[in-house]
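Please read the structure below before turning to the comments.
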Amino acid sequence: MTTNLLDFDAEGLTAWFAQQGEKPFRARQVLRWMHHFGESDFNAMTDIAKSLREKLLATATVSPPPTISDKLSDDGTRKFLFDVGNRNAVETVFIPEDDRGTLCISSQAGCALECAFCSTGRQGFNRNLSTAEIIGQLWQANRALGYAPTSGNCGERVISNVVLMGMGEPLANFDNLVPALRLMLGDNAYGLSRRRVTVSTSGIVPAMDRLAEACPVALAVSLHAPTDGLRDKLVPINRKYPLAELMAACRRYLIHAPRDFITFEYVMLDGVNDSDADARALLHLVRDVPCKFNLIPFNPFPASGFQRSPAERVRRFASILINGGIVTTTRKTRGDDIDAACGQLAGQVQDKSRRIQRTAGAVSGAAARSVGVELHL
Ligand code: SAH
Ligand code: SF4
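Take this note's numbering: the last position of the sequence shown gets the number 378, and nothing is skipped along the way.
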C-alpha cells in the first residue's frame, strides 16, 4: 500500500517523513518538487539522495486525479474533467481575464445540500474529495497551463486565483479542504495570497468559524434570498442556520478575513427572488455586514422549474443595491461553446444518497451544474 504524497500539506508531509526517519528539510524539498515544479517522478527530484528516492519509489506516489478531457473555448475558457474513481468525475474550469487567471475547482463528487436551483444538488452526493483530489485539480491545471511569458526570466504562473465554486460544498468537506488550502497558500507549494483564494459556501455556520481559525481565506456566501421563508426553500441548509445566524457568522469571519468584505452570491431567478422589494430587503439584511454582491443569472437545466431573470430586471436589481451603497457586479457567461459556462458543467456522480430516486422528475445523470465564471470577487 503506497501513500499519495499529494494528500499532505507541509506539516503533514513533515510528520510522514519523520515516521520514515527523514529530516524536515527533506519534506520541504519534496514539497517544492511536487507543487512548485509540478514533478510527480521521484527519480527526477535530482537534489534528493538516491537512497531516499528509492525509498519513496517503494512507499509513495504523487497521484493527481487523471485527466479525462481538456477542452478549450474560443474565449480562452478551459474545462478539465478529472477521474476520481468508481465512475465519478469532477470538473475544473480555468477562466482567463485581463488581469488574472482564475481556476474554479470542485470539493465533492456531487453535493448533499439540495439547493433547489442547483443541478449538482439534484444529482445527489457520492463522497468528499480527498486532499489529493482537491489540490490535484490545481496541480494538473498548472501543468497544463504553465507559466505566462513575462519580461523576466521565469515568468508568472497563469493561474493567479483559485475559487472553490465547482461541484460540492467545500465547508462540508472541511478536513480535506484545509490542507489543500494550506498548500495553495504555502511558500513551498503554490504561494498564492489569501486574498486570491476564495471559498464559496452555502452557509454552514460552525464551519465558517472553524475556517476563520484554521485558514482564513476570502469568503463568498451563497445568499440567494432576503428572508428566511424564501431561503428555507431555495437553500435548505438555511433551516439549520437561518439568516440572523449567517449574518452574525459573516461579521465574525471578517475579524480574521484577508479582505474587509464578504462576497454575497445571488442567483437571479425570474419572479422568485428578483423583485425591487427583494433588493431593498437585502439592503436591510446586510446593513451591518461589509460586503459586495455578485449577481449570477440563473442557468437553467432540464426540469429545474426556474427561469433566468430578464437582463433588464437584473440591471434594475443591481442598481437598487448600488444606490444603497453596495458594490455589485453581474457575472458574465463564458465558455458556452465547450459547455463550461454557468450551469453547463456536467461532471459525473454516482448518487449514493438515493436522491435521484427520491426526486420526482429529477434531471438526468449528465445534468448540468453551475460554476462561477468572470468572478469579480
Ligand atoms: N456549494 C458552494 C459552492 C459551489 S456552487 C455554494 O453553494 O456556494 C457555486 C455557486 O453557483 C453558488 O453561489 C451556487 O448557488 C451557484 N449556482 C448553483 N446552481 C446554479 C445555477 N443553476 N445557475 C447559476 N448559479 C448557480
Ligand atoms: Fe451544493 Fe452549492 Fe449546489 Fe447548494 S449550490 S446544492 S451547496 S453545490
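All C-beta atoms in this analysis are idealised placements derived from N, C-alpha and C, irrespective of residue type, glycine included.
Leaving out the 5 sequence neighbours to the left and right, which residues in its chain are closer than 8 Å to residue 67 when beta-carbon positions are compared?
-> Counting from 1 along the sequence shown, the entry for residue 67 is found at position 66. Correct list, in chain order: 83, 84.
Evaluate contact between the stretch 39-55 and the stretch 198-209, counting only Cβ atoms and requiring at least three cross-stretch pairs below 8 Å.
-> no
Could you tell me whether the Cβ atoms of residue 302 and residue 123 are closer together than 9 Å?
-> Locating residue 302 in the sequence shown gives position 301, counting from the first residue. Locating residue 123 in the sequence shown gives position 122, counting from the first residue. Cβ distance < 9 Å, so residue 302 and residue 123 count as in contact.
Residue 267: first and last residue of the uninterrupted alpha helix (DSSP H) it sits in = Stepping through the sequence shown from its first residue, residue 267 is reached at position 266. Counting along the chain, residue 267 falls outside any alpha helix (DSSP H), though it belongs to the beta strand (DSSP E) covering 263-269.
For the alpha helix (DSSP H) containing residue 30, list its first residue and its last residue.
-> Position 29 of the sequence shown holds residue 30. Start and end: 25-32.
Since residue 171 and residue 200 are thought to touch, with beta carbons under 8 Å apart, how far apart are those beta carbons, to the nearest angstrom?
-> On the sequence shown, residue 171 is found 170 positions in, with the first residue counted as 1. On the sequence shown, residue 200 is found 199 positions in, with the first residue counted as 1. Correct: roughly 5 Å between the Cβ atoms.
For residue 143, which residues of its own chain have a beta-carbon under 7 Å away from its beta-carbon, when the five flanking residues on both sides are left out?
-> As a first step, residue 143 is located in the sequence shown; it is residue number 142 there, counting from the start. Result list for residue 143: 39, 158, 160, in chain order.
Between the Cα of residue 129 and those of 141, 184, 118, 86, spot the shortest distance and give me the residue it belongs to.
-> Looking up residue 129 in the sequence shown gives position 128. Comparing Cα positions, the closest option is 86.
DSSP three-state call for residue 13: helix, strand or coil?
-> Here residue 13 corresponds to residue number 12 of the sequence shown, with the count starting at 1. Three-state result, residue 13: helix.
Could you tell me how far apart the beta carbons of residue 7 and residue 133 are, in whole angstroms, since I believe they sit closer than 8 Å?
-> By one-based count along the sequence shown, residue 7 stands at place 6. By one-based count along the sequence shown, residue 133 stands at place 132. So it is a contact: roughly 4 Å between Cβ atoms.
Can you list, in chain order, every residue whose CB sits closer than 5 Å to a heavy atom of ligand 2?
-> 112, 114, 116, 119, 121, 122, 170, 203
Residue ranges of each alpha helix (DSSP H) within the stretch 150-224, 4 or longer | 175-186, 206-215
Where the alpha helix (DSSP H) through residue 247 begins and ends | Residue 247 sits at position 246 when you count from the first residue of the sequence shown. Start and end: 244-257.
Straight-line gap, residue 277 to residue 317 (C-alpha atoms, nearest Å) | The residue given as residue 277 occupies position 276 in the sequence shown. The residue given as residue 317 occupies position 316 in the sequence shown. Residue 277 and residue 317: Cα-Cα distance of roughly 8 Å.
Coarse secondary structure for residue 353, derived from DSSP in three states | Within the sequence shown, numbered from 1, the residue matching residue 353 stands at position 352. Of the three classes helix, strand and coil, the one that applies to residue 353 here is coil, per DSSP.
Considering only residues of the same chain and omitting the five flanking positions on each side of residue 35, which have a CB-CB separation below 6 Å?
-> As a first step, residue 35 is located in the sequence shown; it is residue number 34 there, counting from the start. Taken in chain order, the residues that qualify are 63.
Can you give me the Cβ contacts of residue 177 inside the same chain, cut-off strictly under 7 Å, excluding the 5 residues immediately before and after it?
-> As a first step, residue 177 is located in the sequence shown; it is residue number 176 there, counting from the start. Within the same chain, residue 177 has close Cβ partners 129, 130, 131, 132, 135.
Measure how close the beta-carbons of residue 110 and residue 350 come, nearest whole angstrom, since I'm counting them as under 8 Å.
-> Walking along the sequence shown from the start, residue 110 turns up at place 109. Walking along the sequence shown from the start, residue 350 turns up at place 349. That belief holds up - the Cβ atoms of residue 110 and residue 350 are roughly 5 Å apart, short of 8 Å.
Could you say which of 265, 167, 297, 305 lies nearest to residue 327 if we only look at CA atoms?
-> Locating residue 327 in the sequence shown gives position 326, where the first residue counts as 1. Out of 265, 167, 297, 305, 265 has the C-alpha closest to the C-alpha of residue 327.
Alpha carbon to alpha carbon, how far is residue 153 from residue 147?
-> By 1-based counting over the sequence shown, the position of residue 153 is 152. By 1-based counting over the sequence shown, the position of residue 147 is 146. Per-residue confidence for residue 153 stands at a pLDDT of 47, beneath the threshold of 50, marking its modelled position as unreliable; the derived number appears in the next sentence. Distance between the alpha carbons of residue 153 and residue 147 is about 15 Å.
Would you check if the distance between the CB atom of residue 261 and the CB atom of residue 269 is smaller than 9 Å?
-> As a position in the sequence shown, residue 261 is number 260, starting the count at 1. As a position in the sequence shown, residue 269 is number 268, starting the count at 1. No.
Excluding the 5 residues preceding and the 5 following residue 315 in the sequence, name in chain order all residues of the same chain whose CB lies nearer than 7 Å to its CB.
-> Translated into positions along the sequence shown, residue 315 becomes position 314. The residues are 269, 296, 298, 331.
Inter-residue Cα distance where the pair is residue 107 and residue 126 | Within the sequence shown, numbered from 1, the residue matching residue 107 stands at position 106. Within the sequence shown, numbered from 1, the residue matching residue 126 stands at position 125. Each residue's alpha carbon lies about 13 Å from the other.
Straight-line CA distance for residue 259 to residue 329?
-> For the purposes of this step, residue 259 is taken as residue 258 along the sequence shown, with counting starting at 1. For the purposes of this step, residue 329 is taken as residue 328 along the sequence shown, with counting starting at 1. Taking the straight line from one Cα to the other gives about 20 Å.
Exposure of residue 141, with buried meaning 16 or more beta-carbon neighbours within 10 Å | Position 140 of the sequence shown, counting from 1, holds the residue named residue 141. Buried: at least 16 other Cβ atoms inside 10 Å.
Between the CA atoms of residue 192 and residue 186 - distance to the nearest angstrom | Position 185 of the sequence shown, counted from the start, is the residue given in the question as residue 186. Position 191 of the sequence shown, counted from the start, is the residue given in the question as residue 192. Roughly 5 Å between the two C-alpha positions.
Residue 225 burial status per 10 Å Cβ neighbour count (16 or more: buried) = Taking the first residue of the sequence shown as position 1, residue 225 is located at position 224. With 16 or more other Cβ atoms within 10 Å, it is buried.
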